[in-house]
Amino acid sequence: MAKGTAEKIRKKAIGLMCGLLIVGFGAAAMSLVHWQIINGEELSAKAMEQSLRSTGLPAMRGTIYDATGTKVLAQSASVWTVVLEPHYLAEDDNLRRKVANGLSEILGLDAAELYERTGEVGSYYDVIARKVETEVRDRITQFMNDNKIGNGIRLIADYKRYYPYGTVASNILGFTGDDSQGLEGLELYYEEELSGSAGRLIAAKNAFGTDMPFEYEQIVEAENGYNLVLTIDETVQSVLEKYLKEGIEKFWIKNGAVAVMMDVDTGGILGLATYPYYDPNDPFTILDQNLLEQVESVPEGDERIEVKREAMSVQWRNKAVSDLYYPGSVYKMCVGSMGIEEGLITEDSQYTCTGGEKLQGVKDPIHCWNHDGHGTTTFREGLCNSCNPWFMHIGRELGPDLFCRYREAFGLADKTGIDLPGEGRSILHSVDNMGEVELVVEAFGQNFSITPIQMITASAAVANGGYLVRPHVVDRIVDEDGNIVKSADCSYRRQVISEDTSATICDILRQNVASGTARGGYVSGYRICGKTGTSEKVDKHNEDLLEDPNAKMTYIASYCGFAPAEDPRYALLVFFDEPDASSNGGYTAGNAIAGPIFSAIMQELLPYLGVEVMYDEDEYNEHRDTAAPNVVGMTIREAVAAIREAGLEYDIEGNGDDEEGWDEYKITEQIPEGGATVPQEGKVVMFTTGYNVNEVMVEVPDFFQMDLINASYEAHINDLQITVNGNRDGDTRVMMQGIPAGEKVKKGTVITLTFASNLSTDTSVTIAE
Numbered sequence: 046m047a048k049g050t051a052e053k054i055r056k057k058a059i060g061l062m063c064g065l066l067i068v069g070f071g072a073a074a075m076s077l078v079h080w081q082i083i084n085g086e087e088l089s090a091k092a093m094e095q096s097l098r099s100t101g102l103p104a105m106r107g108t109i110y111d112a113t114g115t116k117v118l119a120q121s122a123s124v125w126t127v128v129l130e131p132h133y134l135a136e137d138d139n140l141r142r143k144v145a146n147g148l149s150e151i152l153g154l155d156a157a158e159l160y161e162r163t164g165e166v167g168s169y170y171d172v173i174a175r176k177v178e179t180e181v182r183d184r185i186t187q188f189m190n191d192n193k194i195g196n197g198i199r200l201i202a203d204y205k206r207y208y209p210y211g212t213v214a215s216n217i218l219g220f221t222g223d224d225s226q227g228l229e230g231l232e233l234y235y236e237e238e239l240s241g242s243a244g245r246l247i248a249a250k251n252a253f254g255t256d257m258p259f260e261y262e263q264i265v266e267a268e269n270g271y272n273l274v275l276t277i278d279e280t281v282q283s284v285l286e287k288y289l290k291e292g293i294e295k296f297w298i299k300n301g302a303v304a305v306m307m308d309v310d311t312g313g314i315l316g317l318a319t320y321p322y323y324d325p326n327d328p329f330t331i332l333d334q335n336l337l338e339q340v341e342s343v344p345e346g347d348e349r350i351e352v353k354r355e356a357m358s359v360q361w362r363n364k365a366v367s368d369l370y371y372p373g374s375v376y377k378m379c380v381g382s383m384g385i386e387e388g389l390i391t392e393d394s395q396y397t398c399t400g401g402e403k404l405q406g407v408k409d410p411i412h413c414w415n416h417d418g419h420g421t422t423t424f425r426e427g428l429c430n431s432c433n434p435w436f437m438h439i440g441r442e443l444g445p446d447l448f449c450r451y452r453e454a455f456g457l458a459d460k461t462g463i464d465l466p467g468e469g470r471s472i473l474h475s476v477d478n479m480g481e482v483e484l485v486v487e488a489f490g491q492n493f494s495i496t497p498i499q500m501i502t503a504s505a506a507v508a509n510g511g512y513l514v515r516p517h518v519v520d521r522i523v524d525e526d527g528n529i530v531k532s533a534d535c536s537y538r539r540q541v542i543s544e545d546t547s548a549t550i551c552d553i554l555r556q557n558v559a560s561g562t563a564r565g566g567y568v569s570g571y572r573i574c575g576k577t578g579t580s581e582k583v584d585k586h587n588e589d590l591l592e593d594p595n596a597k598m599t600y601i602a603s604y605c606g607f608a609p610a611e612d613p614r615y616a617l618l619v620f621f622d623e624p625d626a627s628s629n630g631g632y633t634a635g636n637a638i639a640g641p642i643f644s645a646i647m648q649e650l651l652p653y654l655g656v657e658v659m660y661d662e663d664e665y666n667e668h669r670d671t672a673a674p675n676v677v678g679m680t681i682r683e684a685v686a687a688i689r690e691a692g693l694e695y696d697i698e699g700n701g702d703d704e705e706g707w708d709e710y711k712i713t714e715q716i717p718e719g720g721a722t723v724p725q726e727g728k729v730v731m732f733t734t735g736y737n738v739n740e741v742m743v744e745v746p747d748f749f750q751m752d753l754i755n756a757s758y759e760a761h762i763n764d765l766q767i768t769v770n771g772n773r774d775g776d777t778r779v780m781m782q783g784i785p786a787g788e789k790v791k792k793g794t795v796i797t798l799t800f801a802s803n804l805s806t807d808t809s810v811t812i813a814e
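This is the structure in C-alpha cells:
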C-alpha cells in the first residue's frame, strides 16, 4: 500500500515537473519570439545606437553659373568645423590651459569655458566653432604645430555659400541658411538638386558610452550637388539693375520696380531685375533706405523686430514673380490680337471715339485719356493712339466667353510655372461674373491683376508668331563632370494667335514707337515694337481715401516691347511702382518714366546681343552718330588729318596749339576715346603735354526736362557734346542723362540724353455702389 502510494506521488511529481518545464520553455520561447523576431530590429537599432555615434558630413552645394557658363553667381567654398577631443587633453592641466587660451584668442571664445570643456574624460567630439574661414584654420594649424599638439583638436571640412557678384541677381539667386539649406530664390526652388547627399562620420562608443579614438571611425563620403547653368546673362542682368536704379532715383519711386528681358522663342529669362534688392552674402541687412527708415522709426522692442521682419520679407520678395498689378494699356496688344484673330476687326476697321461713354453701374463716364475724343480712326490708329473706347468696342465684339477663353490662352488665368518660388496667382473676373462693365474695362487693361512675368510671357506670344512659351531661368542642370542631367523645356505650350495676326500687331506696335504714343521707347538705328501703360492703383487709392479724403491717385508706369520688329527676338518689360509726381516734376506716365529706361536698356543691350543696327534714311542723314578715330600716339598733324577724314572737328589742349609744332608734339590723350560714339560733325578734343587739368575740366549741367534745342545749346556753352536717344519730336523732353549732373568731366565729353514725352494714356473706372 505504501509502495503504491509512493509510486503515485512520484508520477505526479514527474508530471508536475514536466508541466513546469513545458510552461517554462514555452514562456522562454515566446519571449525569444517577442524580443528576437517582433522587437528584434528595434533592439538591434538601439544596440547599434548605443555603440555608435553618427555625425553628418555636408556635401558641397552645387555652383550656379550665368548663361555664359563661365561667370559664377553662387558657389560653395571650404570652411572648417573646429572640434575638441577632450579625452586626449583631460589629464594634462598645462595642456588644457594652453589649448583653451590659444583657441580663445584665435576664435574669440571664452577661455574659461573652453578650459572646462577640455576636461571631459571619454569625449572625443565637442564642436566649438563652425564655418571657420581658411585663414583661421591656418592659424589653428600653426598653433597646433608650434605646440606639438597631435591629438585634442580636430578640423573637419565644411562649406559656406558665397555670391561673388554681391547684389547682382539677388532676387533670383536667393540665399542659404546656416545649415546651407536654401531659403529663397533658386537656392530654395532647386534645393534637392543643389544640396547633394550628406556623408556620415561613424564613430564607435565603448561599454561606458564614451567615444572611442578616431582609429575606430568610418567615413561615408558625401555626394556633391548638381550645378545650375542659368539663362540669366550677368551682363544683361547688371545693365537692367543699373538703369532700374537710375529710374528709381530719377523719378522718386516709392514702391519698387521691375525689369524683365525674355527670349521670345524659348521663354528663357536673360535678366530679371527687381527693386528693392539685397546682398545674399548678408541677407539680413536691409539695404533700401526707405525700408530702413521704416524700421528705425519704430522704438526698440517687439514691434521693431516685427517691422524689420516685414522689411526683410519685402526686400527678399521677387516683385516680378510674386506681386500683382494692373497691366494697363500694355494689355491692349493682347486684346487687339484677339479681335484680329477672330476676324471681328482688321487693321483698317473703323470706330468713332467721342472721348468717353456712360455705362450703367459706373459712377462716372468711362473716358478715353483724350477727353476730346479721337474721332473716327482705324484700328491701327486706335492702337497707336491707345484709345480706350476702341478697345471697349473690341471687348463687346468678343463677348465674355470668347474674351475669357483668349485670356486663358494667353496664360493669364494660371501661373506660368516659372522655376522660382512664390509665384503669385492672377485675380480675374470669371466669365460668370463678367458683365458689360467688367468686360469693357478689362479690355483696356484695368480692374484685373496679373504678375509681371505673366505679362511679358503674353507679350512674347504676340511677338513670336503666336506661341505661348514657358518662362524659365535655369537652362540646364549638370553634374561635376559637366554632363547634362536635365535641360529646360523650351517647347511651346500652345499657339494662341496665328502668325499673320502676330505680324500685323507687331507692325502696328513698330509704328506706335516710331510715331504713336510709345515714342519714349524709341532707339535710333533699331526697329522697336512697344506699348506703354500707366496703371492707376484704384484699390490702394480707395484705401488711402479712408485715411485721407485728399489722397491722390498712385500709379504704376510701365513699358513693354520687343525687338527687332522685323524678327522679334527679345522682349523687355519695365515698370515702376508709385512714382512721386510731387517730387519728380509731375511725371507719372509710362511713356515718360518707363519708356526712357526701356530705351536706354535696349540701346545698350541690343548691340551686345548681336542685333544689327539698321538706320532708316532720316536717321542716317540726320541723327546717325559715328565713331571717333583713335589718334593717340600720332603727331598733331597726323591726328588732324585723321579727324578731318572722319568728318569731325577738333580742338587741341596743351603744347602744339600753333601749327608750327604739329610735327613735334604727339597726342597723349583724346576725348572721346578712339572708337567711342561722337555725334555727326562733332569734335575730338586732343591733349598733348603741358595742358592744365583744371582748365579742361567742366561740370555737367542738369539737362532734365530740356527740349533738344535747349539741351544742345547748354552742352555747347559748356564745351560738351550730346548724343540723342529716344524720340526727338517737339513735345519731348530730356528724361535721363548718361552722366549725372554736377560730375566733373573733360571738355569734349559726349553725354547721352534720352528724350520722351509725359503722355498718359490710361484712365481709371469707379464702379457705382
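The number in the working numbering is simply the position in the sequence shown, starting from 1, with 45 added. C-beta atoms are modelled at their ideal positions from N, C-alpha and C, and glycine is treated no differently.
Q: Pull up the distance between the alpha-carbon of Ile-796 and that of Leu-765, whole angstroms please.
A: Cα-Cα distance, rounded: 8 Å.
Q | Inside the segment 665-692 only - beta strand (DSSP E) runs reaching at least 3 residues | A | Fully enclosed beta strand (DSSP E) runs of 3 or longer: 670-672.
Q: Compute the Euclidean distance between the alpha carbons of Ala-626 and Glu-286, then round it to the nearest angstrom.
A: In a straight line, the C-alpha of Ala-626 is about 23 Å away from that of Glu-286.
Q) Shortest alpha-carbon distance to Pro-103 belongs to which of Ala-119, Lys-176, Gly-147 and Ile-67? A) Selected option, being the one with the closest Cα: Lys-176.
Q. Excluding five sequence neighbours on each side, which residues of the same chain lie with their C-beta closer than 7 Å to the C-beta of Met-500?
A. Pro-372, Val-375, Cys-605 and Leu-618, listed in sequence order.
Q: Mind the definition here: the segment 469-484 touches the segment 192-203 only if three or more C-beta pairs lie below 8 Å; say whether that holds.
A: Output reads no: the segment 192-203 does not touch the segment 469-484.
(Q) So, does the segment 176-189 touch the segment 116-133, judging by three or more C-beta pairs under 8 Å? (A) With a cut-off of 8 Å, the segment 116-133 and the segment 176-189 count as touching, because enough Cβ pairs lie within range.
(Q) Any contact between the segment 547-567 and the segment 341-356? By contact I mean 3 or more CB pairs, one from each, below 8 Å. (A) These segments do not touch.
Q) Residue range of the alpha helix (DSSP H) that Thr-399 falls in? A) Element bounds for Thr-399: n/a, residue is neither H nor E.
Q: Could you spell out where the alpha helix (DSSP H) holding Pro-497 opens and where it closes?
A: Here the alpha helix (DSSP H) through Pro-497 covers 497-508.
Q | Sufficient close CB pairs (3 or more, under 8 Å) joining the segment 315-328 to the segment 522-537 | A | Not touching, per the Cβ criterion.
Q. What is the residue span of the alpha helix (DSSP H) that Lys-295 lies within?
A. Taken as a continuous stretch (DSSP letters only), the alpha helix (DSSP H) holding Lys-295 covers 279-295.
Q: Take His-412 and list the residues in its own chain whose beta-carbon comes closer than 8 Å to its own, dropping the five residues that flank it on each side.
A: Around His-412: Gly-400, Gly-401, Asn-433 and Thr-808.
Q: Excluding the 5 residues preceding and the 5 following Thr-502 in the sequence, name in chain order all residues of the same chain whose CB lies nearer than 6 Å to its CB.
A: Within its own chain, the residues whose Cβ lies closer than 6 Å to the Cβ of Thr-502, once the five positions on either side in sequence are excluded, are Gly-456, Thr-461 and Pro-516, listed in chain order.
Q. What are the start and end residues of the alpha helix (DSSP H) that includes Gln-120?
A. According to the DSSP assignment, Gln-120 belongs to no alpha helix (DSSP H) but to the beta strand (DSSP E) extending over 117-129.
Q | Status (buried if at least 16 other CB within 10 Å, exposed otherwise) for Tyr-370 | A | With a 10 Å radius around the Cβ and a threshold of 16 neighbouring Cβ atoms, Tyr-370 comes out buried.
Q) Helix or strand or just coil, what does DSSP make of Gln-819? A) Any property of residue 819 remains undetermined from this structure, which presents the chain solely from 46 to 814.
Q. What did DSSP end up calling Gln-725 once you bin it into helix, strand or coil?
A. Gln-725: coil per DSSP, three-state reduction.
Q. If you compare alpha carbons, which of Gln-187, Arg-199 and Asp-191 is closest to Lys-168?
A. Reading off the sequence shown, one finds Ser at residue 168, where the question assumed Lys. In this structure, Arg-199 is the residue among Gln-187, Arg-199 and Asp-191 with its C-alpha nearest to the C-alpha of Ser-168.
Q | Residues of its chain near Asn-557, where Cβ-Cβ distance is below 7 Å and the 5 sequence neighbours each way are ignored | A | Within the same chain, Asn-557 has close Cβ partners Leu-428, Cys-429, Ala-563, Gly-575 and Lys-576.
Q) Who are the Cβ neighbours of Thr-221 in its own chain at under 8 Å, not counting the five residues just before and after it? A) Leaving aside the five residues that flank Thr-221 on each side, the residues in its chain whose CB is nearer than 8 Å to its CB run, in chain order, Arg-106, Arg-206, Gly-227, Leu-228 and Glu-232.
(Q) Here's a check: name, in chain order, each residue in its chain whose Cβ is nearer than 7 Å to the Cβ of Arg-182, leaving out the five neighbours to either side. (A) Excluding residues within five positions, the ones whose Cβ falls inside 7 Å are Trp-125 and Leu-200.
Q | Tyr-169 beta carbon near the ligand HEM (any heavy atom closer than 7 Å) | A | In the structure shown, the ligand HEM is absent, as is every other ligand, since no ligand is present at all.
(Q) Considering Cα atoms alone, identify which of Thr-633, Ile-529, Gly-565 and Ala-608 is closest to Lys-597. (A) The shortest Cα separation from Lys-597 among Thr-633, Ile-529, Gly-565 and Ala-608 belongs to Thr-633.
Q. I think Thr-671 touches Asp-708, with their Cβ atoms under 8 Å apart; what is that distance to the nearest whole Å?
A. Contact doesn't hold; Cβ gap of about 27 Å is too wide.
Q) Do Ile-508 and Val-514 have their C-beta atoms closer together than 8 Å? A) Correcting the residue type first, residue 508 is Ala in the shown sequence and not Ile. Cβ atoms of Ala-508 and Val-514: not closer than 8 Å.
Q: Output the boundary residues of the beta strand (DSSP E) element that contains Lys-791.
A: Taken as a continuous stretch (DSSP letters only), the beta strand (DSSP E) holding Lys-791 covers 789-791.
Q: Using the Cα positions of Met-257 and Leu-134, report the straight-line distance between them to the nearest angstrom.
A: A caution first: Met-257 carries a pLDDT of 49, below 50, which makes its placement in the model unreliable, though a value can still be read off. Cα atoms of Met-257 and Leu-134: separation of roughly 14 Å, rounded to the nearest angstrom.
Q. What are the boundary residues of the beta strand (DSSP E) that Glu-698 is part of?
A. Bounds of the beta strand (DSSP E) holding Glu-698 are 694-698.
Q: Within its chain, find whatever has a CB closer than 6 Å to the CB of Gly-735; leave out the 5 residues flanking it on each side and keep chain order.
A: For Gly-735, where only same-chain residues beyond five positions count, the Cβ hits under 6 Å are Gly-699 and Asn-700.
**Q.** Proximity below 8 Å, CB of Ile-298 to CB of Asp-622
**A.** Cβ distance < 8 Å, so Ile-298 and Asp-622 count as in contact.
Q. Shortest alpha-carbon distance to Tyr-110 belongs to which of Phe-493, Asp-278 and Lys-295?
A. Distance check between Tyr-110 and each of Phe-493, Asp-278 and Lys-295 places Asp-278 closest, using alpha-carbon atoms only.
Q | Phe-489 classed as buried or exposed, judged by whether at least 16 other C-beta atoms fall within 10 angstroms | A | Buried: at least 16 other Cβ atoms inside 10 Å.
Q: Answer yes or no: do Val-729 and Gln-715 have a C-beta to C-beta separation smaller than 8 Å?
A: Pairing Val-729 with Gln-715 gives a Cβ-Cβ distance under 8 Å.
Q. Just to confirm, are Leu-332 and Glu-387 a CB contact at a threshold of 8 Å?
A. When the beta-carbon positions are compared, Leu-332 and Glu-387 stay at least 8 Å from each other.
**Q.** Backbone secondary structure at Asp-520 - three-state DSSP
**A.** Secondary structure of Asp-520 (DSSP, three-state): strand.
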